[in-house]
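Worksheet: one structure, shown below.
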Amino acid sequence: MPVLFGKTYSKDELLARVGDISQIAGAQLIRLSGGMADGVEAIDFRTGSGLHFRAVPGRGLDITLAEHNGRSLAWRSAAGEVTPALYEEHGLGWLRSFPGGLVTTCGLTYAGGRCEDQGEALGIHGRFSNTPASNVWADGEWEGEKYRMWAAGKIRESRLFGENLVLKRMISAVLGENKLWIDDVITNEGPRRPPHLIRYH
Numbered sequence: 001m002p003v004l005f006g007k008t009y010s011k012d013e014l015l016a017r018v019g020d021i022s023q024i025a026g027a028q029l030i031r032l033s034g035g036m037a038d039g040v041e042a043i044d045f046r047t048g049s050g051l052h053f054r055a056v057p058g059r060g061l062d063i064t065l066a067e068h069n070g071r072s073l074a075w076r077s078a079a080g081e082v083t084p085a086l087y088e089e090h091g092l093g094w095l096r097s098f099p100g101g102l103v104t105t106c107g108l109t110y111a112g113g114r115c116e117d118q119g120e121a122l123g124i125h126g127r128f129s130n131t132p133a134s135n136v137w138a139d140g141e142w143e144g145e146k147y148r149m150w151a152a153g154k155i156r157e158s159r160l161f162g163e164n165l166v167l168k169r170m171i172s173a174v175l176g177e178n179k180l181w182i183d184d185v186i187t188n189e190g191p192r193r194p195p196h197l198i199r200y201h
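Residue numbers (the working numbering): 1 to 201.
Next up, the structure:
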């Protein structure tokens, strides 16, 4: 049962006091406007306990903003939210679209500094955090006396005659709690074993 405002509520008690659960908590799809963030879709989570965070489908469902009772839980860069259409892969270009935030995923085939590997010039930290997720779904529902909200999607890194890696990501939180869960499952859907490296920044 959720604890809100210092009191424990049953599902029935809580629903008798609100018109819609989104009054207190939920996962809501929003669209940012203006500047380099114009058109960026995001999913805002609010747990009703003061925890608020934002997952961005256009950036591999990374968490670019997190706060508790209005206090920031994560450093954010001056770039802020940047549409993945402006991603610069080569050299130091990754730094122009790095938002900071609570979780930036690096990979899936390389991470770290720019370099050349087997004749291929690699930029910083891989393509993942500038790759839009597909099959994105955000919702919430009661599981007995617990209300769980989530966002899920698939992020594919692939190319002809190369890697074909898929990361399935589920981000979830529970009404009245000050924590979140990130569940990632990576599958190689290609015929060969590609290089693989993942880093949570």
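For glycine and all other residues, C-beta sits at the position ideal for the given N, C-alpha and C.
With a CB to CB cut of under 7 Å and the five nearest residues on each side skipped, what residues in its chain are close to residue i?
{"i": "Glu177", "result": "Thr47 and Ser49"}
{"i": "His90", "result": "Ala121 and Gly123"}
{"i": "Ile30", "result": "Ala42 and Asp44"}
Classify residue i as helix, strand or coil using the three-state DSSP reduction.
{"i": "Glu163", "result": "coil"}
{"i": "Phe5", "result": "coil"}
{"i": "Trp94", "result": "helix"}
{"i": "Asn130", "result": "helix"}
{"i": "Ser49", "result": "coil"}
{"i": "Lys168", "result": "strand"}
{"i": "Gly144", "result": "coil"}
{"i": "Gly123", "result": "coil"}
{"i": "Gln118", "result": "coil"}
{"i": "Gly176", "result": "coil"}
{"i": "Ala42", "result": "strand"}
{"i": "Gly35", "result": "helix"}
Taking its Cβ as the centre, do 16 or more other Cβ atoms sit within 10 Å of residue i, making it buried, or is it exposed?
{"i": "Asp183", "result": "exposed"}
{"i": "Thr187", "result": "exposed"}
{"i": "Trp142", "result": "exposed"}
{"i": "Arg174", "result": "The sequence given here places Val at residue 174; Arg does not occur at that position. So Val174 counts as buried."}
{"i": "Gly35", "result": "exposed"}
{"i": "Arg169", "result": "buried"}
{"i": "Ala37", "result": "buried"}
{"i": "Gly153", "result": "buried"}
{"i": "Ala78", "result": "exposed"}
Of the choices the options, whose alpha-carbon is the least far from that of residue i?
{"i": "Leu92", "options": "Gly113, Leu65, Gly101 and Ala79", "result": "Gly113"}
{"i": "Ala138", "options": "Glu41, Phe5 and Lys11", "result": "Glu41"}
{"i": "Ala85", "options": "Gly39, Arg71, Gly100 and Gln118", "result": "Gly39"}
{"i": "Met149", "options": "Gly140, Ile155, Glu157 and Arg59", "result": "Gly140"}
{"i": "Gly144", "options": "Asp12, Phe161 and Phe5", "result": "Asp12"}
{"i": "Ala151", "options": "Ser10, Tyr200, Trp94 and Leu61", "result": "Leu61"}
{"i": "Arg156", "options": "Ser33, Ile171, Ser134 and Ser172", "result": "Ser134"}
{"i": "Phe98", "options": "Ser33, Arg71, Arg59 and Phe161", "result": "Arg59"}
{"i": "Gly80", "options": "Leu95, Gly162 and Lys7", "result": "Leu95"}
{"i": "Thr83", "options": "Pro57, Arg71, His68 and Gly70", "result": "Pro57"}
{"i": "Phe161", "options": "Glu189, Val185 and Leu180", "result": "Glu189"}
{"i": "Leu167", "options": "Val185, Gly100, Glu116 and Tyr9", "result": "Val185"}
{"i": "Tyr200", "options": "Ser33, His68, His125 and Gln118", "result": "His125"}
Please list, in chain order, all residues of the same chain as residue i whose beta carbon is under 6 Å from its beta carbon, the five residues on each side excluded.
{"i": "Gln28", "result": "Asp44"}
{"i": "Ala66", "result": "Phe53, Leu73, Ala74 and Leu102"}
{"i": "Leu4", "result": "Gly48 and Gly176"}
{"i": "Asn164", "result": "Ser158, Glu189 and Gly190"}
- Message: Three Cβ pairs or more, each shorter than 8 Å: is that satisfied between the region 125-134 and the region 95-111?
- Response: yes
- So, do the region 187-196 and the region 11-21 have three or more beta carbon pairs nearer to each other than 8 Å? no
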